[in-house]
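In this note's numbering, the protein residues as written are 71 to 400.
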């Protein structure tokens with residue numbers, strides 16, 4: 071794999087992990103819980119059936135490919151740059167310790183949420199308790215991301231940590247809140263568009279319910295899209311000036327750096343397509359062909375993957391901004 075290089079190996083694993091984790095765990099769990107609650111309030115069992123089918127797909131993918139790529143990140147970083155991952159472990163030991171506790175809780179909750187779905191339908195009380203499990207799962211899924219984002223932000227800009235080292239100083243780095251404000255709505259929108267994609271298979275014959283489900287998810291996405299835009303602008307504004315000079319190469323590699331503006335335009339056009347499609351889904355869900363449910367999901371995943379690639383490459387020559395170079399030298 072000489073053509074790939076160390077950075078590419080880590081980036082590919084990390085990108086796949088994020089493309090699975092953000093829409094299918096962080097974003098999808100609250101959406102599924104909301105679907106289940108909506109079905110409970112309206113007395114329409116079709117919402118319950120759809121929510122469980124979507125949960126099954128997310129349950130399988132996140133506990134297999136998602137878990138494996140998570141381990142793959144640890145393996146690749148420890149092999150390729152042990153000094154960097156070692157430094158991060160020393161700085162964020164208690165943060166990672168807490169994240170692993172929440173992660174174990176998250177796995178336990180998703181097991182309970184899926185496996186007890188049918189068993190907790192007998193009474194109103196048991197159904198509400200099951201919805202509470204979904205709510206707890208949603209919070210824990212977001213909690214793991216919220217902790218890891220602090221470490222990712224630190225790798226780009228440690229802030230005052232270089233002057234006053236400490237866990238809190240490192241965690242509350244200048245990029246923590248902007249990046250969290252971007253990733254959270256990105257995960258929620260990605261979940262909605264993935265739910266659209268799954269409706270191609272799960273809601274085939276019932277046209278009336280299909281329109282209701284499309285409109286429901288469209289409302290979900292529209293609520294998060296403005297926050298996604300604000301978070302993206304805030305995040306971009308906080309990227310260190312030195313790293314902003316690497317954006318062209320980070321977007322398109324050195325070979326295609328002169329085409330970075332074209333790729334940025336493609337990204338903006340893709341974002342507009344997503345917004346327009348979601349708006350049509352809200353206003354005229356019966357006009358949405360099946361292929362229209364697929365294209366926005368592909369576009370949002372491509373944009374998420376591109377964002378992760380840029381984040382991985384924009385830090386160079388540092389692996390930890392203003393602290394450690396990519397070759398492990400401080």
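Quick reminder that beta carbons are idealized off the backbone N, C-alpha and C, glycines included.
C-alpha distance - residue i paired with residue j, whole-angstrom precision
i	j	result
residue 71	residue 397	Since pLDDT at residue 71 reaches only 49, below the 50 mark, its modelled position is unreliable, and no value is offered.
residue 387	residue 151	14 Å
residue 85	residue 378	6 Å
residue 96	residue 183	15 Å
residue 271	residue 357	18 Å
residue 174	residue 186	18 Å
residue 134	residue 125	14 Å
residue 137	residue 283	29 Å
residue 113	residue 194	11 Å
residue 145	residue 218	17 Å
residue 338	residue 196	46 Å
residue 198	residue 286	21 Å
residue 209	residue 328	42 Å
residue 309	residue 296	20 Å
residue 188	residue 230	51 Å
residue 343	residue 275	27 Å
residue 352	residue 360	15 Å
8 Å Cβ cutoff met for residue i and residue j
i	j	result
residue 301	residue 241	no
residue 87	residue 139	yes
residue 226	residue 391	yes
residue 340	residue 372	yes
residue 305	residue 248	yes
residue 246	residue 206	no
residue 394	residue 211	no
residue 116	residue 224	no
residue 259	residue 222	no
residue 347	residue 362	yes
residue 399	residue 313	no
residue 203	residue 143	no
residue 345	residue 120	no
residue 380	residue 317	yes
residue 94	residue 131	yes
residue 166	residue 155	no
Where the beta strand (DSSP E) through residue i begins and ends
i	result
residue 422	It is not possible to answer for residue 422, since the shown part of the chain is limited to 71 through 400.
Where the alpha helix (DSSP H) containing residue i begins and where it ends
i	result
residue 290	277–308
residue 111	98–112
residue 381	360–383
residue 255	246–272
residue 242	No alpha helix (DSSP H) contains residue 242, which DSSP labels as neither H nor E.
residue 235	From DSSP, residue 235 is part of no alpha helix (DSSP H); its letter is neither H nor E.
residue 142	137–150
residue 313	311–314
residue 119	115–131
Inter-residue CB distance, residue i and residue j (contact presumed, cutoff 8 Å)
i	j	result
residue 180	residue 106	14 Å between Cβ atoms; not a contact.
residue 161	residue 237	7 Å
residue 214	residue 172	5 Å
residue 98	residue 261	4 Å
residue 256	residue 101	Rounded, the Cβ-Cβ distance is 14 Å, inconsistent with contact.
residue 147	residue 80	6 Å
residue 268	residue 127	6 Å
residue 294	residue 366	That pair is no contact at about 13 Å.
residue 243	residue 355	Not really, about 42 Å apart at Cβ, beyond 8 Å.
DSSP state of residue i mapped onto helix, strand, coil
i	result
residue 184	helix
residue 71	Per-residue confidence for residue 71 stands at a pLDDT of 49, beneath the threshold of 50, marking its modelled position as unreliable; no derived number is given.
residue 408	Any answer about residue 408 is impossible in this case: the structure gives the chain only from 71 up to 400.
residue 210	helix
residue 228	coil
residue 354	coil
residue 162	coil
residue 192	coil
residue 400	coil
CB contact check: residue i to chain D, cutoff 8 Å
i	result
residue 370	The chain labelled as chain D is not found in the depicted structure, where only one protein chain is given.
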